[in-house]
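Okay, so here's the structure we're looking at.
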Amino acid sequence: MSDALVILIPLLAVVLVAAAIYAVRQKDLLLAVIGTSIVSLILSVLFFMLQAPDVALTEAAIGVALTTIIFIITIKKTTRYEE
Amino acid sequence: MIYYITSIALILIGMYAVLVKKNLIKMIIGLSLVDGGLHLLFIAIGYVDNKTAPIFSKESLTAADMVDPIPQALVLTAIVIGLAVTAVALAIIIRLYDHHKTLNVNKIRELKW
Amino acid sequence: MRKIITFLFLAILGYYMVNLMNQIPFGEDRMNVGRYYLENTVSETGSVNTVTSIVVSYRGFDTLGEVTVLFLAATGLGAILFDKRGKKRRKQHASSLVRTTSKLLYPLIVLLGAYVFVHGHLTPGGGFQGGAIIATGVLMMYMSYRKFETNHKALTIIESVAGLTFITLGMTGLILGQTFLENFLPLGTPNTLLSAGIIPIIYSAVGFKVGAELTGVLDTLLKTIR
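Residue numbers (this note's numbering), protein chains in the order written: chain A, 1 to 83; chain B, 1001 to 1113; chain C, 2001 to 2226.
What follows is the structure in structure tokens.
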């Protein structure tokens, strides 16, 4: 069981940093927002690995759902592509 | 140790987005990434090896085998306040776009005179 | 040119931060104040969730400040996006699969949010998590139906009454001769629902307030879409 965790945590860290770099370099703003929500989701799993269940629940409820919808409404009312 | 390096990488990537990018929404995405990196750094500092979550659900758990509860209480408040700041910033961006018709920071500075 | 200077600055910053983090070893026991909170939380406040007792009872004044910040953010958002032309209609229904599923799931999601904030002192959870779950359920109904409306007057009344409950409970502690936000109800046996004095009442008030506020914010934002 702990062998799986030794491989899982570095794998999640690599996917986290890759998603963050993708969110910053992408020119289509809608895909950048989806990258931000993937970062929030993996952060919630990492908080659970660090034995903090309250913080994991808060980050999953607020960072994944509400931040993404507020960004998407703003993108719909302004430009979609960054020039 | 890998938690420290991941959180420092998130903070640096977010700061790069705020300093270099020219679109206003990209800057707010960068601020959101900096927030996430800071919260991970706080919780990683408060972790103790081989201990468990700070909830006394069974009678056999004592106070000697739990992780530090104080950083978790601080980060709980910080996540909600991060959401509030992001929401107000995006409302101001919607009003700026209605007025200037562009979201490029160089052009918004030019239109003043 | 700007990119090169930025990379240099970020590299220097990263080097110093990694050096600093090397002096804080990972996973070592460094608690001083945390140990006091862990040892005394069940006997002094009666709640078994230590993070809840820190947020509501030991540092309850900071939670009052956070509720104020959320209230100001929701008010500011409504003031910035004020639209004189009235409400706008959304354009189309979602498909019938989405409509049926969201009608079945909506009461269950609201029930889950209420469960999370009522049991805040027993399981992981609390007022802020429960309020966010309720707001997400209402958002799902907004996305599926064209004519789904929430009552703005009812939301304002719920939010104000919940905020007044928080302040009144704090003032009652002051009137009874002790400190602000003092736990004046009997503590009961730990690990049951009716324990921990005023902590479940305060967290329920915070859950109602945060749920109503976030629903109002989403309502304001979704009505301004053309």
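We treat Cβ as the ideally placed atom computed from N, Cα and C, and that holds for glycine.
All figures in this text were calculated on a predicted structure; none of them were measured in a lab.
| query | result |
| --- | --- |
| Alpha helix (DSSP H) runs wholly inside the region 2047-2094 of chain C, at least 4 long, in chain order | 2050-2053, 2060-2080 |
| Closer than 8 Å at the beta carbon, the chain A residues around residue 2222(C) | 73 |
| Whole-angstrom C-beta distance between residue 1032(B) and residue 36(A), which should lie under 8 Å | 6 Å |
| Beta-carbon proximity check, residue 2206(C) vs residue 2154(C), cutoff 9 Å | no |
| First through last residue of the alpha helix (DSSP H) which encompasses residue 1066(B) | Here residue 1066(B) belongs to no alpha helix (DSSP H), and DSSP marks it neither H nor E. |
| Secondary structure of residue 1106(B), DSSP reduced to three states | helix |
| Cβ-based contacts, 7 Å cut-off: residues of the region 41-61 of chain A near chain C | 53, 54, 57, 58, 61 |
| Touching by the beta-carbon criterion (3+ pairs, under 8 Å), the region 2017-2025 of chain C and the region 2041-2055 of chain C | no |
| Proximal chain C residues relative to residue 76(A), where beta-carbon distance stays under 7 Å | 2225 |
| CB contact check: residue 1042(B) to chain C, cutoff 9 Å | no |
| Rounded straight-line distance, which links the Cα of residue 1026(B) to that of residue 2191(C) | 46 Å |
| Where residue 2189(C) sits in the DSSP three-state scheme | coil |
| Coarse secondary structure for residue 1028(B), derived from DSSP in three states | helix |
| Neighbour flag for residue 13(A) against chain C, beta carbons, 9 Å | no |
| Collapsed DSSP secondary structure at residue 1150(B) in the structure displayed | Look at the range of chain B in this structure, 1001 to 1113, and you will see that residue 1150(B) is not part of it. |
| 7 Å CB neighbourhood of residue 1069(B) in its chain, flanking five on each side removed | 1054 |
| Supposed close pair residue 2135(C), residue 2211(C) - CB separation, criterion 8 Å | 6 Å |
| Reference residue 2073(C); option with closest CA among 1082(B), 1066(B), 1076(B), 1003(B) | 1082(B) |
| Bridge partners - residue 1052(B), DSSP secondary structure assignment | 1066(B) |
| Pair within 9 Å by beta-carbon distance, residue 42(A) and residue 12(A) | yes |
| N-terminal and C-terminal residue of the alpha helix (DSSP H) that residue 18(A) is part of | 2-25 |
| Three-way DSSP call (helix, strand, coil) for residue 2120(C) in this model | coil |
| Contact under 9 Å by Cβ, residue 1003(B) with residue 1041(B) | yes |
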